[in-house]
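**Q** Line order of the protein sequences matches chains R and G. 17 is the number of the first residue of the first sequence in the working numbering; add one for each residue after it. 17 is the number of the first residue of the second sequence in the working numbering; add one for each residue after it. Using N, Cα and C, we set each Cβ at its ideal position, and we do this for glycine too. As the structure is a prediction and not an experimental result, all values here were calculated from the model. What follows is a single structure, and I will ask about it in a moment.
Protein chains: 2
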Amino acid sequence: MDPPNDWYNLLADLDFELPPDLPPPNGAAGGLSPQIPLSLIRQELSTKRWIAIPDDVVARFRQWRPTPLRRARELEAALGTRATILYKYEGANMAGSHKLNTAVAQAYYYKAAGTKRLAVATGAGQWGTAIAEGCRMFELGCRVYMVRKSYEDKPYRKTIMEMLGAEVVPSPSEETETGRRFLAEGQSSGTLSIALAEAMEETLVEGTRFCAGSAETYSMLHQTVVGLEAMAQCSELGAWPDVVVAGVGAGSNLAGIAFPFLGRALTGEGPEVRLLSVEPAACPKLTKGRYAYDYTDSSEQTPLQKMYTLGSRFTPPSMHAGGLRYHATGKLISALFDRGMIDAVAYRQQEVFASGTLFARCEGIVPAPESAHAVHGAVVAAREADERGESPTILVSLSGHGLFDMSAYEAYSNGTLDDVEVADETIEESLAQLPEVAEPVASAGGRG
Amino acid sequence: MDPPNDWYNLLADLDFELPPDLPPPNGAAGGLSPQIPLSLIRQELSTKRWIAIPDDVVARFRQWRPTPLRRARELEAALGTRATILYKYEGANMAGSHKLNTAVAQAYYYKAAGTKRLAVATGAGQWGTAIAEGCRMFELGCRVYMVRKSYEDKPYRKTIMEMLGAEVVPSPSEETETGRRFLAEGQSSGTLSIALAEAMEETLVEGTRFCAGSAETYSMLHQTVVGLEAMAQCSELGAWPDVVVAGVGAGSNLAGIAFPFLGRALTGEGPEVRLLSVEPAACPKLTKGRYAYDYTDSSEQTPLQKMYTLGSRFTPPSMHAGGLRYHATGKLISALFDRGMIDAVAYRQQEVFASGTLFARCEGIVPAPESAHAVHGAVVAAREADERGESPTILVSLSGHGLFDMSAYEAYSNGTLDDVEVADETIEESLAQLPEVAEPVASAGGRG
Chain R
17 MDPPNDWYNL LADLDFELPP DLPPPNGAAG GLSPQIPLSL IRQELSTKRW IAIPDDVVAR
77 FRQWRPTPLR RARELEAALG TRATILYKYE GANMAGSHKL NTAVAQAYYY KAAGTKRLAV
137 ATGAGQWGTA IAEGCRMFEL GCRVYMVRKS YEDKPYRKTI MEMLGAEVVP SPSEETETGR
197 RFLAEGQSSG TLSIALAEAM EETLVEGTRF CAGSAETYSM LHQTVVGLEA MAQCSELGAW
257 PDVVVAGVGA GSNLAGIAFP FLGRALTGEG PEVRLLSVEP AACPKLTKGR YAYDYTDSSE
317 QTPLQKMYTL GSRFTPPSMH AGGLRYHATG KLISALFDRG MIDAVAYRQQ EVFASGTLFA
377 RCEGIVPAPE SAHAVHGAVV AAREADERGE SPTILVSLSG HGLFDMSAYE AYSNGTLDDV
437 EVADETIEES LAQLPEVAEP VASAGGRG
Chain G
17 MDPPNDWYNL LADLDFELPP DLPPPNGAAG GLSPQIPLSL IRQELSTKRW IAIPDDVVAR
77 FRQWRPTPLR RARELEAALG TRATILYKYE GANMAGSHKL NTAVAQAYYY KAAGTKRLAV
137 ATGAGQWGTA IAEGCRMFEL GCRVYMVRKS YEDKPYRKTI MEMLGAEVVP SPSEETETGR
197 RFLAEGQSSG TLSIALAEAM EETLVEGTRF CAGSAETYSM LHQTVVGLEA MAQCSELGAW
257 PDVVVAGVGA GSNLAGIAFP FLGRALTGEG PEVRLLSVEP AACPKLTKGR YAYDYTDSSE
317 QTPLQKMYTL GSRFTPPSMH AGGLRYHATG KLISALFDRG MIDAVAYRQQ EVFASGTLFA
377 RCEGIVPAPE SAHAVHGAVV AAREADERGE SPTILVSLSG HGLFDMSAYE AYSNGTLDDV
437 EVADETIEES LAQLPEVAEP VASAGGRG
């Protein structure tokens with residue numbers, strides 16, 4: 017089997033448009049558009065169903081794609097479930113996660129647009145490692161602002177990025193105005209939105225462009241290689257998912273594995289499919305956030321996007337799935353959730369690590385904490401189906417390996433893992449600070 | 017491409033026999049044979065060229081095999097060499113190394129022979145992780161004696177073995193007579209041969225068998241899946257190696273990738289091929305050891321094997337390639353070296369990590385320190401070839417990933433990595449303690 021030659025664009029098959037972005041109410045002139053290559057902006061806005069993957073990117077994909085799709089027979093047996101559990105494993109590449117799929121593509125397009133150097137933000141380090149690898153492939157310089165909590169907890173991620181030639185800076189840092197402001201406020205553990213703001217500021221350096229990460233709609237497009245492969249592999253197995261489950265930070269992981277299946281269902285070419293988002297109880301944007309216009313980072317200089325958000329000033333408590341510590345979901349995921357096309361659940365990390373440990377024991381792969389959320393979602397879904405006497409096929413996005421997260425697994429097995437959750441009043445306080453804007457269109461029929 | 021259905025047995029194509037094992041001179045009644053399933057002993061002694069891989073083992077192989085063979089184009093460019101450098105990557109499985117190839121097979125055969133539980137020894141933890149995974153697959157209990165230095169330096173390896181259901185004990189331990197003896201002597205960092213002796217002692221427990229690891233001739237047989245796949249992949253690429261290079265602890269890694277090519281050369285079906293063993297300067301058995309009868313572990317209870325050895329009482333200085341800290345090479349590798357059919361070089365760890373870091377930067381995979389030895393061997397071979405005006409094809413065994421060795425890479429990049437080597441007089445002292453035995457046959461024509 018070869019990796020796909022085209023990405024699948026869900027926008028082609030939706031009967032609604034995404035709410036437009038709005039300029040920030042403080043009148044800031046900035047914004048992402050001058051940063052992002054036109055080729056990526058075109059992808060963001062395209063409604064073509066298939067978008068050709070550049071040959072140079074397909075050639076890179078061949079180094080680790082297609083990735084395996086397997087049936088978790090031993091997990092099924094351990095659960096005693098009648099559900100069929102399949103998983104698609106994206107962890108067997110240098111970056112250790114699905115994020116490399118879009119990092120390669122983004123690095124390619126930035127290089128083609130004449131960029132010399134990228135500035136990026138990373139939470140747990142998976143995006144940073146992926147983009148460092150993408151920059152290495154296409155010979156771009158790379159500076160990574162890494163959330164300080166992860167920088168300190170996961171020194172190996174930093175080392176690996178440096179080995180790939182990237183420069184890694186803990187955020188908040190002394191290197192930017194934003195960083196110095198948050199340090200002065202006593203905010204030292206950092207968040208992804210602060211790191212994003214710092215990376216944005218870095219683009220004042222000549223030849224340097226900001227590279228957003230994985231919340232953008234074009235990142236979700238790039239990730240569809242996962243779902244397209246999974247679709248071919250499911251056909252080969254004679255199986256088809258009733259439920260597709262993924263851990264959700266901004267949502268590109270869920271988008272990548274699920275959109276091709278959702279597209280088939282929307283066009284009547286395939287059966288109905290349930291998309292299940294699993295988020296941490298420490299950062300529950302879909303289950304407890306609001307569908308509203310908000311900033312994508314802490315700089316408050318970028319256009320507002322309509323998203324499910326906890327507020328861009330929300331600081332999630334420290335927990336191990338750093339990749340899920342983002343205050344909002346991407347606008348496409350948010351719009352689908354608003355229309356009831358995605359279900360969402362939130363779990364605490366102890367139960368998540370219990371399922372992650374069970375999965376490792378049964379299937380021989382240690383899931384990244386982010387992926388363990390998806391595993392736990394599948395475990396719960398299987399149990400619920402058993403109670404109802406149903407036997408669904410559940411497809412899990414095993415988006416990355418947890419080999420850099422062994423200390424968290426060790427803490428879980430020692431009984432010393434914090435079971436963090438965020439209080440409702442904290443969320444209310446944060447939501448009260450959302451920017452006030454007049455909405456251009458009513459989101460009729462939604463949950464918002 | 018499918019994984020192979022048969023292992024290749026080099027013994028079929030050799031025009032000499034291996035020197036027989038001898039009973040230990042102290043009259044110990046023990047020995048490995050009662051521990052090892054007859055099926056494996058038959059493989060050890062067989063001279064059949066092809067040995068069928070059990071279907072259950074092939075089915076497990078399909079989870080991660082065939083493994084990729086790639087051309088290291090960016091490494092070639094960085095070196096400015098005219099040599100072609102290919103590498104076969106065995107790190108993308110749960111165990112993180114080639115060792116899983118034989119661990120799966122051994123666990124299968126022990127299970128088939130009615131064993132309930134295995135006791136094993138591990139250096140850096142790669143064999144331990146591999147056998148823990150094999151035991152998990154075939155539902156065997158597993159106790160791992162792990163060299164204490166690695167146990168302390170690599171806690172994540174321990175955690176991962178425990179997650180796979182194994183029990184991990186630092187060696188020397190208080191659990192065995194051997195362990196207590198070495199602890200009493202103040203030997204606390206441990207060696208692989210002490211850990212082996214402890215695991216042997218563990219078999220006094222009912223239903224428990226000792227599982228030797230990767231020095232046995234049948235382990236080398238099992239590893240030939242690597243070389244057989246590489247041969248097919250080289251054919252596809254239209255390339256064929258002039259040199260095959262691997263890091264050597266006991267030698268199964270070199271055996272696995274190189275024996276199929278060597279066999280072709282011996283039978284005249286393929287061109288000549290140079291086998292290049294790379295060992296650490298801290299444990300230079302081929303380059304500085306003696307071809308003599310010696311114990312395979314520190315218990316001094318097992319049959320003597322004729323091997324290149326530094327003496328079973330030799331304690332290599334601490335260094336990061338724990339998998340290469342074994343005092344001898346397996347008897348088959350030793351016999352081939354004695355006959356000039358293998359070349360050997362030894363390098364210090366600083367130059368090894370320099371090449372490992374360069375490889376990671378160029379090719380996007382962090383090599384295990386053991387594998388970095390092979391990479392460095394290839395780098396030196398390429399430079400030497402350039403000086404001679406030659407342009408050979410060099411095939412490197414990239415036997416494992418270094419994601420659990422980031423602290424060593426960090427130390428290298430900080431300039432704090434010890435550059436250990438062992439003094440000639442230390443080796444002489446150790447060799448003076450080799451057991452005295454009458455050799456049953458003269459090894460005419462050898463270097464010994």
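Just mark Q449(R) as buried or exposed, buried being the case when its beta carbon has 16 or more other beta carbons within 10 Å.
**A** By the 10 Å Cβ count, Q449(R) comes out exposed.
**Q** Taking its Cβ as the centre, do 16 or more other Cβ atoms sit within 10 Å of W23(R), making it buried, or is it exposed?
**A** Label assigned to W23(R): buried.
**Q** For M17(G), count the other beta carbons within 10 Å of its own beta carbon; 16 or more makes it buried, fewer makes it exposed. Which is it?
**A** When all chains shown are included, M17(G) counts as exposed.
**Q** When DSSP labels each residue in this structure, what does I52(G) get in the three-state scheme?
**A** If DSSP states are grouped into helix, strand and coil, I52(G) belongs with coil.
**Q** So, at 7 Å on beta carbons, what are the nonlocal neighbours of G206(G) in its own chain, with the 5 sequence-adjacent residues on each side left out?
**A** Within the same chain, G206(G) has close Cβ partners V163, R164, K165, S187, P188.
**Q** Count the other CB atoms within 10 Å of the CB of A390(G); is the residue buried (16 or more) or exposed (fewer)?
**A** Buried is the call here.
**Q** What is the DSSP secondary structure of R399(G), reduced to helix, strand or coil?
**A** DSSP places R399(G) in helix when its eight states are reduced to three.
**Q** Among T233(R), E252(R), S315(R), which has the Cα closest to the Cα of F275(R)?
**A** Ranking T233(R), E252(R), S315(R) by Cα distance to F275(R) puts T233(R) first.
**Q** To the nearest angstrom, how far is it from the Cα of V259(R) to the Cα of G416(R)?
**A** One C-alpha to the other measures close to 20 Å.
**Q** CB-CB under 6 Å to G464(G), same chain, minus the five flanking residues each way: which ones, in chain order?
**A** Summary for G464(G): the model assigns pLDDT 45, below 50, so the residue's position carries little reliability; its value from the coordinates is reported in the next sentence. Closer than 6 Å at the Cβ level, and outside the excluded window around G464(G), lie Y307, D354.
**Q** Curious, which full-length alpha helix (DSSP H) runs of at least 4 residues does the stretch 175-247 of chain R contain?
**A** Qualifying alpha helix (DSSP H) stretches, in chain order: 193-200, 208-217.
**Q** May I have a chain-ordered list of the beta strand (DSSP E) segments no shorter than 3 residues that lie completely inside the stretch 29-110 of chain R?
**A** The qualifying runs are 66-68, 85-87, 100-105.
**Q** Roughly how many whole angstroms lie between the Cα atoms of N25(G) and I67(G)?
**A** One C-alpha to the other measures close to 7 Å.
**Q** If you draw a straight line from the C-alpha of L320(R) to the C-alpha of T192(R), how long is it?
**A** For L320(R) and T192(R), the distance between alpha carbons rounds to 22 Å.
**Q** Judging by CA-CA distance, which residue of T409(G), S387(G), E386(G) is the nearest neighbour of A397(G)?
**A** Comparing Cα positions, the closest option is T409(G).
**Q** Mapping the DSSP letters down to three states, classify V264(G) as helix, strand or coil.
**A** Reduced to three states, the DSSP call for V264(G) is coil.
**Q** Should E245(G) and T373(G) be called a contact, given that it needs their Cβ atoms to be closer than 8 Å?
**A** No, the Cβ-Cβ distance between E245(G) and T373(G) is not below 8 Å.
**Q** Using only the alpha-carbon positions, how far apart do T303(R) and E295(R) sit?
**A** If you take the alpha carbons of T303(R) and E295(R), they lie about 8 Å apart.
**Q** Does DSSP put M17(G) in a helix, in a strand, or in coil?
**A** M17(G): coil per DSSP, three-state reduction.
**Q** Measure the beta-carbon distance from R335(R) to V436(R) and round it to whole angstroms, keeping in mind my assumption that it falls under 8 Å.
**A** Before going on, a small fix: residue 335(R) reads as Met here, not Arg. Correct: roughly 5 Å between the Cβ atoms.
**Q** Considering only the alpha carbon of each residue, which of M323(R), N42(R), N109(R) lies closest to I381(G)?
**A** Out of M323(R), N42(R), N109(R), N109(R) has the C-alpha closest to the C-alpha of I381(G).
**Q** Taking 7 Å as the limit between beta carbons, can you name the residues of its chain near F330(G), skipping five residues before and five after?
**A** Around F330(G): H343, S446.
**Q** Considering only residues of the stretch 366-436 of chain G, which uninterrupted beta strand (DSSP E) runs meet the minimum length of 3 residues and lie entirely inside it, listed in chain order?
**A** Those beta strand (DSSP E) runs which fall completely within the stretch 366-436 of chain G and span 3+ residues are 409-414.
**Q** Looking at L212(G): is its Cβ nearer than 8 Å to the Cβ of D313(G)?
**A** Cβ distance < 8 Å, so L212(G) and D313(G) count as in contact.
**Q** Give me the Cβ distance between A281(R) and S413(R), rounded to the nearest whole Å; I'm assuming they're in contact under 8 Å.
**A** With a Cβ gap of about 17 Å, A281(R) and S413(R) do not count as contacting.
**Q** Could you compute how far the alpha carbon of A200(G) sits from the alpha carbon of P300(G)?
**A** Their Cα atoms are separated by approximately 28 Å.
**Q** With a threshold of 7 Å on Cβ separation, who are the neighbours of D31(G) within its own chain once the five nearest residues in sequence on each side are excluded?
**A** No residues qualify anywhere along the chain.
**Q** According to the Cβ coordinates, are K465(R) and Y311(R) closer than 8 Å?
**A** Nothing in the structure corresponds to residue 465(R), since chain R is present only between 17 and 464.
**Q** Taking only beta-carbon atoms, is R152(R) less than 8 Å away from chain G?
**A** Interface residue, yes.
**Q** Using CA coordinates, which residue listed in L102(G), Q79(G), W80(G), F77(G) is at the minimum distance from R89(G)?
**A** Residue L102(G) is the option with its Cα nearest to R89(G).
**Q** Could you give the first and the last residue of the continuous beta strand (DSSP E) run that contains L292(R)?
**A** Per DSSP, L292(R) belongs to the beta strand (DSSP E) from 290-296.
**Q** What residues from the stretch 405-437 of chain G come within 8 Å of chain R, judged by C-beta to C-beta, listed N to C?
**A** Flagged, chain order: L419, F420, M422, S423, Y425, E426, S429.
**Q** Mind checking T100(R): buried by the 16 CB within 10 Å criterion, or exposed?
**A** So T100(R) ends up on the buried side.
**Q** List the residues of chain R that V382(G) touches, going by C-beta distances under 7 Å, in chain order.
**A** Ordered by position in chain R, the residues that pass the 7 Å Cβ test against V382(G) are I176, M179.
**Q** Given a threshold of 16 other Cβ atoms within 10 Å of its Cβ, counted over all protein chains shown, does G96(R) qualify as buried or as exposed?
**A** G96(R) should be labelled exposed.
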